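Residues 134 to 454, numbered by the numbering used here, are exactly what the sequence shown covers, in order.
The beta carbon of each residue, even a glycine, is placed where N, CA and C say it ideally should be.
A quick note: this is a predicted structure, and the numbers were derived from the prediction, not measured.
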Amino acid sequence: MGMKSTLLLRHLSVENANAISGLTYGFPAISHFLGFTHALSRRLEQAYGLTLGGCAVIAHHTELQSQPLGNRREQVFALTRNPLTKEGKTAPFNEEGRVHLDISLLIECNFDADRLPKGESLDLRIHELHAWFERIVPSLRLAGGTITRLGQVQWREHYEERERRRLCMSLLPGFALVCRHDLLTAHHQQQLSEEPDAELLDSLLDFVTLCHQSQQDEAGAVSWQPLDKPAPGYLVPLAVGYQGISPLHEPGSIPSSRDQTTPFRFVESIYTVGQWVSLHRVQNLDTLLWRYRYQEPYYLCENHYIAPSLSVEEDDEEFIS
134 MGMKSTLLLR HLSVENANAI SGLTYGFPAI SHFLGFTHAL SRRLEQAYGL TLGGCAVIAH
194 HTELQSQPLG NRREQVFALT RNPLTKEGKT APFNEEGRVH LDISLLIECN FDADRLPKGE
254 SLDLRIHELH AWFERIVPSL RLAGGTITRL GQVQWREHYE ERERRRLCMS LLPGFALVCR
314 HDLLTAHHQQ QLSEEPDAEL LDSLLDFVTL CHQSQQDEAG AVSWQPLDKP APGYLVPLAV
374 GYQGISPLHE PGSIPSSRDQ TTPFRFVESI YTVGQWVSLH RVQNLDTLLW RYRYQEPYYL
434 CENHYIAPSL SVEEDDEEFI S
């Protein structure tokens with residue numbers, strides 16, 4: 134599915150975003166970014182009758198709020214110190230992981246230039262749209278964090294090949310988060326051929342655990358060598374949605390649920406393998422987008438990334454300089 138137009142939010146600075154997602158930590162879940170896009174789309178629809186679609190996430194810098202535990206390599210989250218209670222005792226709190234982010238978001242727009250707010254010229258209409266985003270975006274929360282800076286807003290109908298490459302180069306250094314469930318599937322099939330009782334979780338752990346194997350030379354000296362992962366690349370565990378584990382209950386039938394006007398369901402997280410891809414390797418912007426997909430009983434954040442063949446472009450220096 135091609136994009137009618139795109140909205141680029143360059144260098145969003147976010148403080149104290151949620152760094153924990155299910156069993157994973159270090160970066161907010163994709164559902165946070167799609168939720169932000171959905172909230173922004175609802176406000177855009179109220180203002181102009183326009184909507185947004187999927188979202189691509191490009192990370193430029195992350196700063197996990199953690200500290201070393203003693204002299205060991207183990208890290209613990211740096212937590213806030215809450216005011217004392219009226220009795221002078223330490224107030225209870227919930228442990229939370231926080232991260233500071235410098236990211237860019239490439240958002241799919243479900244409209245073209247003909248549907249922009251009416252004005253004297255196209256340039257003025259685009260300027261008005263940019264001004265609206267510059268005013269609204271900093272007022273929203275992203276992954277529970279506060280948006281402290283928005284570098285630039287850029288709306289465009291389409292990118293020619295050279296313009297796409299120039300855009301990707303301008304976002305360097307930056308890495309896009311994509312889904313590599315294909316790697317997990319291929320590795321699990323190989324594991325099943327060798328061990329029929331292999332679990333999918335074991336195959337996932339092969340991508341994220343650090344394993345070493347002892348090797349002994351002719352002199353009898355032993356050294357520990359790291360084992361290769363099932364596939365190359367900057368691969369990470371990734372939470373991509375939820376699976377329903379209960380029937381869909383009627384609104385208000387579950388006491389103490391957050392929203393008594395919406396149907397309720399118990400769910401568990403779904404995990405797969407993700408990859409951080411450098412922008413200079415991207416050949417199609419559409420393959421970076423994450424979109425919602427519902428298929429009973431799954432509530433998914435879906436991405437259809439296609440790994441390109443590795444090649445060196447002869448005129449890349451033109452876009453870097």
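Buried or exposed by the 16-neighbour rule on C-beta atoms within 10 Å, applied to residue i
i	result
Leu-334	exposed
Ser-389	exposed
Asn-436	buried
His-321	buried
Ile-236	buried
Ala-162	buried
Tyr-375	buried
His-194	exposed
Cys-344	exposed
Phe-226	exposed
His-165	buried
Arg-298	buried
Pair within 7 Å by beta-carbon distance, residue i and residue j
i	j	result
Gln-346	Ser-356	no
Arg-398	Ser-379	yes
Glu-196	Thr-281	no
Thr-463	Val-373	There is simply no residue 463 to check, as the chain begins at 134 and stops at 454 in what is shown.
Ile-191	Ala-309	yes
Gln-208	Arg-231	no
Trp-288	Leu-140	yes
Cys-434	Leu-167	yes
Glu-332	Ser-138	no
Proximity winner among the options, relative to residue i (alpha-carbon distances)
i	options	result
Leu-173	Glu-267, Glu-253, Leu-433	Glu-267
Cys-312	Arg-176, Trp-423, Glu-294	Trp-423
Leu-234	His-144, Leu-202, Ala-440	His-144
Tyr-367	Arg-175, Glu-229, Val-341	Val-341
Leu-283	Leu-141, Ser-146, Ser-138	Ser-146
Ile-439	Arg-231, Leu-418, Asp-361	Leu-418
Phe-169	Tyr-158, Gln-200, Ala-276, Ser-199	Ala-276
Lys-222	Leu-255, Glu-229, Arg-214	Arg-214
Gly-155	Thr-420, Met-136, Ile-403	Ile-403
Phe-160	Arg-175, Glu-220, Glu-229	Glu-229
Glu-294	Gln-416, Ala-352, Ala-211	Gln-416
Leu-304	Asp-392, Gln-285, His-291	Gln-285
Simplified DSSP assignment, three categories, for residue i
i	result
Leu-305	coil
His-314	helix
His-382	strand
Glu-447	Only weak support is given to the placement of Glu-447: the predicted model assigns it a pLDDT of 44, under 50, and the value that follows is read from those uncertain coordinates. Correct three-state label for Glu-447: coil.
Gln-416	coil
Leu-325	helix
His-233	strand
Ile-453	A caution first: Ile-453 carries a pLDDT of 43, below 50, which makes its placement in the model unreliable, though a value can still be read off. Looking at Ile-453 - three-state DSSP - the assignment turns out to be helix.
His-437	coil
Ala-150	strand
Glu-172	In the sequence under discussion, the amino acid at residue 172 is Ala, which differs from the Glu named in the question. Three-state result, Ala-172: helix.
Gln-179	helix
Phe-166	helix
Ser-254	coil
Phe-397	strand
Arg-274	strand
Ser-336	helix
Glu-241	strand
Leu-185	strand
Phe-210	strand
Arg-391	coil
Ala-192	strand
Leu-300	helix
| message | Count Cβ pairs between the segment 322-333 and the segment 425-445 that sit closer than 8 Å; are there 3 or more? | response | no
| task | State whether the segment 313-323 contacts the segment 334-343, with contact taken as three or more CB pairs (one from each stretch) at a distance under 8 Å. | result | yes
| task | Give a yes or no on contact between the segment 142-158 and the segment 408-415, applying the rule of three or more CB pairs nearer than 8 Å. | result | By the Cβ criterion, the segment 142-158 is not in contact with the segment 408-415, since fewer than three pairs of Cβ atoms, one from each stretch, lie closer than 8 Å.
| said: I want to know whether the segment 173-190 touches the segment 233-241 - three or more CB-CB distances under 8 Å. | reply: Yes, since at least three Cβ pairs between the segment 173-190 and the segment 233-241 fall closer than 8 Å, the two stretches touch.
| Just checking, does the segment 255-271 make contact with the segment 163-182 on the three C-beta pairs under 8 Å criterion? | yes
| How about the segment 269-278 and the segment 246-253: do they share at least three Cβ pairs that are nearer than 8 Å? | no
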